[in-house]
Structures are given as C-alpha cells and as structure tokens.
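Contents: one structure, followed by commentary.
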C-alpha cells in the first residue's frame with residue numbers, strides 16, 4: 051500500500067469515536083433501549099444484553115415497576131451494568147410529568163442508582179397519536195431544569211420547538227422519527243437535518259437523539275447517517291418475531307450508521323462515474 055493510500059485509509063477520526071456525552075454521563079453505546087412491551091422480563095433481560103446498550107429507560111408512572119405476572123422489572127436489570135433512565139411515559143400535562151419525574155428520582159435514589167437526577171420527559175398530546183404536546187413539554191422541561199434535573203426531552207420534529215427546548219436548558223432534544231410504536235422509521239429526514247443544523251451550529255457536541263418510530267435496523271442506520279448522536283427504541287425490539295436477534299441487529303446497525311456518518315458518504319451524482327482509471331485503456335470510445 052502506498053504512503054498516500056495508507057494515510058487515506060487510516061484517519062484517526064474514522065477509526066475511533068468518542069463516547070456519547072449526556073450531561074454528566076458518558077455512554078460507549080449510542081443505543082438507549084426501553085424496558086416495556088416484552089412478553090417476559092427474562093426476554094427483556096436477554097434482549098437488553100444483546101443490544102449492547104448501557105442505558106435502559108424505565109416508566110415509573112403510577113409507581114408500578116411490575117409486569118403482568120407481578121415480577122419487579124428492576125430485578126432483571128443489573129444496576130451495575132445499566133444506567134437507568136426514568137421516563138414520564140403516559141403523562142398528558144406538565145404537572146403530572148413533573149410529579150412522575152420526581153417519583154422516579156426518589157425511586158432511583160433509594161436504589162442508589164446514578165441515574166436518579168435525570169429523566170426522559172414525555173408529555174403527550176393525545177392517546178391516539180402519542181405525539182408530544184409542545185406547549186406542555188416546554189413548560190414541564192423548564193420546571194424540571196429549574197429543579198436540577200438533566201432533562202432528555204421527547205419532542206416532535208419541529209425545529210422551532212427543538213430550539214426552544216435547548217434554549218431553556220434541555221440536556222438533549224429527542225425528536226421523534228415517527229409516532230411512538232408505529233415502526234414507520236424516519237418520516238421527515240429534512241426536519242431532522244434542520245434540527246441537527248440548528249442545535250449543533252453553535253454547539254457541535256450538543257446531543258440530539260432520535261426517539262420513537264424505529265421499526266428495523268435500517269431505520270437506526272439512517273438516523274445515525276443523518277448525524278443523530280443516539281437512538282432510543284423499544285417497540286422495534288419487543289415486537290419483533292425474534293427480539294433478541296433484532297436487538298443484536300440494532301447494535302450492529304448503530305455501529306454501521308455511526309461509522310458511515312464519521313466516514314462521510316460520497317456525493318450523489320446524476321451520471322455515472324467510472325471507478326477504474328480512464329488512462330491506458332485498450333480500445334477507445336466510438337464517440
């Protein structure tokens with residue numbers, strides 16, 4: 051290999067990557083995986099392991115951390131292996147979301163889990179679309195930031211709302227790829243590009259995480275190729291025919307998509323461009 055090609059093949063920025071920084075936390079894996087919807091807590095445990103994730107989000111609404119069989123989900127999530135991220139899933143107004151966030155903080159403090167002072171904020175607009183209520187989300191985010199929380203905010207893909215959330219102190223804005231549990235993937239990549247440009251323009255390290263709507267591994271790869279810093283998912287693994295295998299696929303897709311983003315894709319062209327040298331050909335073109 052020539053000296054020039056050797057240098058081109060081994061740039062440090064491509065072969066290495068920094069951990070995902072979320073507030074005071076550093077994560078080597080850029081996947082955050084939910085703990086809900088699995089048929090059994092054992093299946094959840096094995097799927098989490100296969101995903102390679104280091105961070106698991108747990109719903110604490112109504113103080114219930116038990117499955118249908120009465121098993122405590124936290125008994126199947128190793129606190130020495132995973133950082134717990136409490137979420138406010140199922141809340142439809144700012145007051146309820148703040149109350150649930152504080153409940154999650156108390157639960158994790160009692161467990162001495164380091165994730166006690168952060169929260170994934172969800173304030174939903176209705177039960178049919180499960181899209182976020184932008185006004186209530188901004189209101190709840192401000193209250194939680196003022197109370198000392200590091201807030202990761204589930205948001206729509208509206209660039210203006212995303213900017214507002216960052217400005218009031220959100221640790222991370224998490225725009226939806228598509229509605230929760232829909233499996234439609236990223237429906238509006240242009241808006242995601244605008245959000246990334248707006249939020250990272252003056253702060254390249256600000257973390258933007260795609261949250262919701264992922265259906266399969268290619269959706270995860272696309273999110274990272276667009277420049278997202280992380281992906282949060284749950285249903286795509288839990289509802290797969292083989293959740294553990296899908297969890298492993300998500301791990302590999304995250305690695306592939308992130309590396310592709312760091313490598314920088316070739317530009318798209320209207321016409322073909324030969325990959326072989328055009329000099330020294332045996333025959334000439336007939337035109």
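Residue numbers (the working numbering): 51 to 337.
Don't be surprised by glycine CBs; every beta carbon is placed ideally from N, CA and C.
Here the structure is a predicted model, which means the values were calculated and not measured.
Quiz item: Going along the chain, which residues of its own chain have a beta-carbon closer than 7 Å to the beta-carbon of residue 69, five neighbours each way excluded?
Solution: For residue 69, where only same-chain residues beyond five positions count, the Cβ hits under 7 Å are 76, 77 and 78.
Exercise. Could you please give me the residues that DSSP links to residue 107 through a beta bridge?
Key: DSSP, once it has assigned bridges, lists 84 and 135 as partnering residue 107.
Quiz item: Since residue 218 sits in a beta bridge, which residues does DSSP pair it with?
Solution: Per DSSP, none; premise fails for residue 218.
Practice problem: Look up residue 97 in the DSSP assignment and say whether it is helix, strand or coil. | Solution: The three-state secondary structure of residue 97, taken from DSSP, is helix.
Quiz item: DSSP on residue 311, reduced to helix/strand/coil?
Solution: Three-state result, residue 311: helix.
Exercise. Check whether the Cβ atoms of residue 245 and residue 212 lie closer than 7 Å to each other.
Key: For residue 245 and residue 212, yes; Cβs fall inside 7 Å.
Quiz item: Out of 324, 278, 325 and 300, which has the shortest C-alpha to C-alpha gap to residue 311?
Solution: Among 324, 278, 325 and 300, the Cα nearest to that of residue 311 belongs to 278.
Quiz item: What did DSSP end up calling residue 113 once you bin it into helix, strand or coil?
Solution: For residue 113, the predicted model reports a pLDDT of 44, less than 50, meaning its position is unreliable and no value from the coordinates is stated.
Quiz prompt | At least three beta-carbon pairs within less than 8 Å, the region 159-167 to the region 138-150 | solution = No, because fewer than three Cβ pairs between the region 159-167 and the region 138-150 fall closer than 8 Å, the two stretches do not touch.
Quiz item: Between the C-alpha atoms of residue 209 and residue 215, what's the straight-line distance to the nearest angstrom?
Solution: The alpha-carbon atoms of residue 209 and residue 215 are separated by roughly 10 Å.
Quiz item: Based on the DSSP output, what are the partners of residue 261 in its beta bridges?
Solution: Within the DSSP bridge table, the entry for residue 261 names 282 as partners.
Exercise. Look at the alpha carbon of residue 254 and the alpha carbon of residue 102, and state the distance between them as a whole number of angstroms.
Key: In this model, residue 254 and residue 102 are separated by some 25 Å (Cα to Cα).
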